[in-house]
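K.L.:
Counting along the sequence shown from 1, when you hit position 211 you're at 211 in full-length UniProt numbering, and nothing is skipped either side.
In this text, a Cβ means the ideal position worked out from N, Cα and C, and glycines have one as well.
Just dropping this structure here.
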Amino acid sequence: MASLFKKPKRNFRRKGGDFDSDKEDENRETNMEVDEKPAVSTKSDIEKKKKQKPKEKESTKTILSFETEEDEADTEVFKVKKSSHSRRIAKQLKKEKKSRGQGQNGDADNSSDNEENSGEDSKRRSRDEEEAKADERIKKLREEFRTLNGEEAEDLDDSDDDGQKTFKAILARGEIPDAKTIHLIRKQRQMARETDNFIPIDDVEKPNKSSTARLVRDDDNDKSDEEEDERIDFAIDKAALERQQMRDDFLAAEHGSDDESDQEREWENQQIRKAVSLQIPGFEVPSVNNSNDGMGNSGVSFYTLSPQRSTSKSLDELKPFSALSKSQNISEITIESVRKRLEERLNTMDMVYRTHKQELEKTVFDIDDAKDIIESSEQKAPDLEKRFQFFQELRGYVRDLVECLNEKVPSISEVEQRVNNMLKARSERLIKRRQQDVQDQCREYMTNTASVKLDVEAKEEQGRQRRAAEREARRSRRRRAREVKNIVGHQDGLSSDDEESSQSQMLKFKSEYDDCVKAQETLFDDVVEDFSQIEQVKYKFEQWKFTYGDSYREAYIGLCLPKLLNPLIRKELILWNPLDENCVDFEDSSWFNSLVFLGFREGEPIEKSDDDLKLLPSIVEKLILPKLTFLVDNVWDPISTTQTARLVNLTQKLTRDYPSVHALNKNFRAYLEAVVARLKKTLDDDVFMPMYPLNVLENRSSGPAVFFHRQSWTCIKLLGNILSWHRLIAAPVLYKLALSGLLNRYIVIGLVSSQINREALHKCQAIISTFPKDWFNTLEGDSTLPQLENLCRYLVSAAQTLHKATALEKDAERLEGRELVKQISKHLINIHAMDHAMSLANEFSFKIT
């Protein structure tokens, strides 16, 4: 019949506003249970009960009814699953309320708070009094049950089985028990639990009792409804929950004596140990367990105090050295087991001791080390202060220097551009003048000069005459200068016509040059010497290197100085022109002498890894080579032997003395490419070889003959200038420029078109002397370079012609002709044309020497 009261599992809620009313109903019901006097049931009373049965049923339905969904939505509730321990505490609190009576209901919370704050002795006395009162109340209730229900009540009180059977009998008859019967059954179970004499039949678990005014059903112990019965619905009251929790903890600590309370106390001890372990890292707290060991003795367990970092064992792994556990029998205790535990305990403590000793030694060592560091730091403090002050001043100096140079760079670039434009304009003017002179002479010495004069007479005759006069005047000045210097063997066309022809042009160029010099000297007039003189800047950085060399090297100052000094060196190189005869070598300038020994002191060894050694090579790479590249592109005249010789000598010195100047360096490659491009331009624009009949050239003093030989010697001079770049420019490039582009295209053709005489052979000797000997040292066989075959055939033809011309002459002339043939044979041998030399020796019967 208990299944009649089973309901589907739901989460029942109660309105928050009804919580107080439910508590009042419960208090009223409790008061009725305590204050109700025993009465004798009569027949009339029984009849009245039968008549009131429908109303009680109706009230019962009302009690079993639940709140509607609308009421549920108005209140925010949550559910807490109460444990058996909480239910036991709630029952004890109800007993306390009953003992206080009707007059003390209003002060229940205050008395509860005062009880929590009282001392341990007063708690024990109050507990004894409460237990005595509870015993008296139980006796009174038993008498009431006997009086009210007779033997049935006594049976219910004496035997729980009889009460259950009576209650089930009422339900079996289909009757609904009245409120008083249900109330008596509830009280019977309540007293059975309080006296610890109640043993449930259906389930070993203790029945749950709702904290609200709901009825207790007969299937409270049914496991299917256990989860539902253990839920309590109530509105949120944080203060009441905190007070209830404090009261539960206090009563559990005072009255808990069963297995569950023992487990809770063990849990509390574990939490305390964890909390202390967190506050004091590395140590564990001893745990005291006052539980009985089975022999009536109270066993005490102690856990080892050990640092966590010195052992990997956790708290659970360290077994307590205690008496007997509850599950251990006295027969299991042996001397061996006790000795083993003592040994484990001793080993653990010994390990902890050794760990502590090591930590102590390490701590003492660290303290001594710290003292040494403190003393050392105190001694180093003055030096560090001086070091800090030095670097602060140096940082300020470098910032000011960089800011100053950044301000001056545009001015330096402006003056530098003015000088470059001036030199470029002068070079272009001189080259254009030379080209115009060649054109004038070519037109003057053409065979059909009459028609040409008719075309140009009106417009250009005066200009041509003026240019011719200036040209002859320059030649006369150079001739007088050679006579003064006693130069012998000079040929017309070998001199460079690169001087100014008019006084006005000379004055103009000098004026512009003086302005550039003045602008250069005044660039840093508004700057103090510490920021404008290379010597002062050098002193600042040398002071850093000699004082704090480690930081100097770690900052790679040797690699930064070329960029820092770049504006100051550019200022010094504004007027530097190595193509000029009066130009001073950059190695003789003041800035070079200041930097050549930067960072080195006399008597100290020089380390190869020192970055200061790379200062000058870096300056040459970043400043000298770009400057030379500009001069080659815009100022250099390849026909000028003096300019070419200065440029070649400077280039060879750079490649020999500075490791940054090599074939893989991009600046040096750009420089050589500029040289090759300028030579090609000269071959295309400035080389001209006139062609005249032999009868015109027979008169050596005639104008066409002079012009022809002058141009021939100019081409030979240019050939020598191009071949002077041997070992700087690759041989295949020189073959193409000098041999194919100049020798075979202009010079050999001029030789073939002229008379074969001593002058022609002198030209051949001059041509062969320009060839680098390295070209022929590696040749194999008897043949020379393929590009020299035309020259070899001309020499063989000239030897045959001379032999025929002198064969019928007098002995003196014949011997002279034979000597010229031998000389030609030597020229062939010099260019490794052994096959042609052997043919001449066999033909003219002479030995090759």
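#1: Would K571 be called buried (16 or more neighbouring beta carbons within 10 Å of its own) or exposed?
#2: Would you mind working out which of S618, A705, S551 and A169 sits nearest R388, comparing C-alpha positions?
#3: With a threshold of 6 Å on Cβ separation, who are the neighbours of T181 within its own chain once the five nearest residues in sequence on each side are excluded?
#4: Roughly how far, in whole angstroms, is the beta-carbon of S640 from the beta-carbon of D498, given that I think they are within contact range, below 8 Å?
#5: If we ignore side chains and look at the alpha-carbon of each, how far apart do L315 and L184 end up?
#6: Roughly how many angstroms separate the alpha carbons of T629 and I729, rounded to a whole number?
#7: Would you tell me roughly how many angstroms separate the C-alpha atoms of T655 and P617, rounded to the nearest one?
#8: If you draw a straight line from the alpha carbon of L494 to that of Q765, how long is it in whole angstroms?
#9: Kindly indicate which residue of F600, N667 and T644 has the alpha-carbon position closest to the one of K627.
#10: Which full runs of the alpha helix (DSSP H) of 4+ residues lie inside the region 626-665, going along the chain?
#11: Buried or exposed, going by whether 16 or more other CB atoms sit within 10 Å of the CB of A837?
#12: Between the alpha carbons of P382 and F600, how many angstroms are there, rounded?
#13: Relative to the alpha-carbon of W725, which residue among Y746, E673 and S753 has its alpha-carbon at the smallest distance?
#14: Relative to the C-alpha of H709, which candidate in R341, Y445 and L430 has its C-alpha closest?
#15: Using DSSP with H/G/I as helix, E/B as strand and the rest coil, what is H726?
#16: Could you tell me whether the Cβ atoms of L779 and K763 are closer together than 8 Å?
#17: Roughly how many whole angstroms lie between the Cα atoms of T438 and Q465?
#18: Cutting at 7 Å between CB atoms, please list the residues of its own chain near residue 894, excluding the five before and the five after it.
#19: For the alpha helix (DSSP H) that Y353 lies in, which residues bound it at each end?
#20: Assign W576 to one of three DSSP states: helix, strand, or coil.
#21: How long is the line joining the alpha carbons of Q503 and A555, rounded to whole angstroms?
#22: Checking 8 Å against the spacing of the C-beta atoms, do D611 and G558 come in under that value?
#23: Using the three-state DSSP reduction, which class does Q755 fall into: helix, strand or coil?
#24: Using the rule of at least 16 other Cβ atoms within 10 Å of the residue's Cβ for burial, across every protein chain shown, is Q441 buried or exposed?
#25: Check whether the Cβ of K371 lies closer than 7 Å to any heavy atom of the ligand FAD, and answer yes or no.
#26: Along the alpha helix (DSSP H) that carries I829, what are the first and last residues, could you check?
#27: Taking only three categories from DSSP, how would you classify Q533?
#28: By the 10 Å Cβ neighbour count, where 16 or more other Cβ atoms means buried, how is C715 classified, buried or exposed?
#29: Using only the alpha-carbon positions, how far apart do D128 and R193 sit?
#30: Assuming L683 and L742 are in contact, meaning their beta carbons sit under 8 Å apart, how far apart are those beta carbons, in whole angstroms?
#31: Once DSSP output is grouped into helix, strand and coil, what is the label at A738?
#32: Looking at R678 and P638, is the spacing between their C-beta atoms short of 8 Å?
#33: Quick check on this structure: which residue in E359, S501, K608 and Q755 has the alpha carbon closest to the alpha carbon of L802?
P.N.:
Quick answer:
#1: Counting from 1 along the sequence shown, the entry for residue 571 is found at position 571. Per the 10 Å Cβ criterion, buried.
#2: As a first step, residue 388 must be located in the sequence shown, where it is residue number 388. A quick correction: the sequence has Phe, not Arg, at residue 388. Scanning S618, A705, S551 and A169 for the CA closest to the CA of F388 turns up S551.
#3: Translated into positions along the sequence shown, residue 181 becomes position 181. Around T181, the same chain offers no residue with a beta carbon nearer than 6 Å, after the five sequence neighbours per side are excluded.
#4: Reading the sequence shown from its first residue, position 640 is the one you call residue 640. Reading the sequence shown from its first residue, position 498 is the one you call residue 498. 6 Å between Cβ atoms; contact.
#5: Position 315 of the sequence shown holds residue 315. Position 184 of the sequence shown holds residue 184. Annotation note: pLDDT 40 at L315 (below 50); position unreliable, coordinate value reported separately. Each residue's CA atom was taken as its position, placing L315 and L184 some 52 Å apart.
#6: Taking the sequence shown and counting its residues from 1, one reaches residue 629 at position 629. Taking the sequence shown and counting its residues from 1, one reaches residue 729 at position 729. C-alpha separation (whole angstroms): 15 Å.
#7: For this step, residue 655 is matched to residue 655 along the sequence shown. For this step, residue 617 is matched to residue 617 along the sequence shown. A direct Cα-Cα distance of roughly 10 Å separates T655 from P617.
#8: Residue mapping note: residue 494 aligns to position 494 of the sequence shown, counting from 1. Residue mapping note: residue 765 aligns to position 765 of the sequence shown, counting from 1. CA-CA distance, L494 to Q765, rounds to 15 Å.
#9: Here the question's residue 627 lines up with position 627 in the sequence shown. Cα-wise, what sits closest to K627 is N667.
#10: Entirely contained in the region 626-665, the alpha helix (DSSP H) runs reaching 4 residues are, in chain order, 641-657.
#11: Here residue 837 is taken as the residue at index 837 of the sequence shown, counted from 1. The residue is buried, with at least 16 neighbouring Cβ atoms inside 10 Å.
#12: Within the sequence shown, residue 382 is the residue found at index 382, counting from 1. Within the sequence shown, residue 600 is the residue found at index 600, counting from 1. Whole-angstrom Cα-Cα distance: 28 Å.
#13: Taking the sequence shown and counting its residues from 1, one reaches residue 725 at position 725. Sorting Y746, E673 and S753 by C-alpha distance to the C-alpha of W725 places E673 at the top.
#14: Here residue 709 refers to the residue found at position 709 of the sequence shown. Answer by Cα proximity: Y445.
#15: Against the sequence shown, residue 726 aligns to sequence position 726. Looking at H726 - three-state DSSP - the assignment turns out to be strand.
#16: For this step, residue 779 is matched to residue 779 along the sequence shown. For this step, residue 763 is matched to residue 763 along the sequence shown. Their beta carbons are not under 8 Å apart, which means L779 does not touch K763 by this criterion.
#17: Walking along the sequence shown from the start, residue 438 turns up at place 438. Walking along the sequence shown from the start, residue 465 turns up at place 465. Correcting the residue identity first, residue 438 is Val in this sequence and not Thr. When rounded, the separation of the alpha-carbon atoms in V438 and Q465 is 13 Å.
#18: Residue numbering for the chain in the displayed model covers 1 to 849; residue 894 lies beyond these limits and cannot be assessed.
#19: Locating residue 353 in the sequence shown gives position 353, counting from the first residue. Element bounds for Y353: I335 to E444.
#20: Mapped onto the sequence shown, residue 576 falls at position 576. Coil.
#21: By 1-based counting over the sequence shown, the position of residue 503 is 503. By 1-based counting over the sequence shown, the position of residue 555 is 555. Whole-angstrom Cα-Cα distance: 56 Å.
#22: One-based indexing of the sequence shown puts residue 611 at position 611. One-based indexing of the sequence shown puts residue 558 at position 558. Closer than 8 Å, so yes.
#23: As a working note, residue 755 is residue 755 in the sequence shown. Coil.
#24: In the sequence shown, the residue the question calls residue 441 occupies position 441. By the 10 Å Cβ count, Q441 comes out buried.
#25: Although the ligand FAD was asked about, the structure shown includes no ligands whatsoever.
#26: As a working note, residue 829 is residue 829 in the sequence shown. Counting along the chain, I829 sits inside the alpha helix (DSSP H) bounded by residues D811 to N830.
#27: Along the sequence shown, one-based indexing puts residue 533 at 533. Coil at Q533, not helix or strand.
#28: Residue mapping note: residue 715 aligns to position 715 of the sequence shown, counting from 1. Result: buried.
#29: The sequence position of residue 128 within the sequence shown is 128, counting from 1. The sequence position of residue 193 within the sequence shown is 193, counting from 1. Approximately 18 Å, taken between the alpha carbons.
#30: As a position in the sequence shown, residue 683 is number 683, starting the count at 1. As a position in the sequence shown, residue 742 is number 742, starting the count at 1. The C-beta separation of L683 from L742 comes to about 6 Å, placing the pair in contact by the 8 Å criterion.
#31: Along the sequence shown, one-based indexing puts residue 738 at 738. If DSSP states are grouped into helix, strand and coil, A738 belongs with the helices.
#32: Residue mapping note: residue 638 aligns to position 638 of the sequence shown, counting from 1. Residue mapping note: residue 678 aligns to position 678 of the sequence shown, counting from 1. In this structure, P638 places its C-beta atom within 8 Å of the C-beta atom of R678.
#33: On the sequence shown, residue 802 is found 802 positions in, with the first residue counted as 1. Comparing Cα-Cα distances from L802 to each of E359, S501, K608 and Q755, the minimum goes to Q755.
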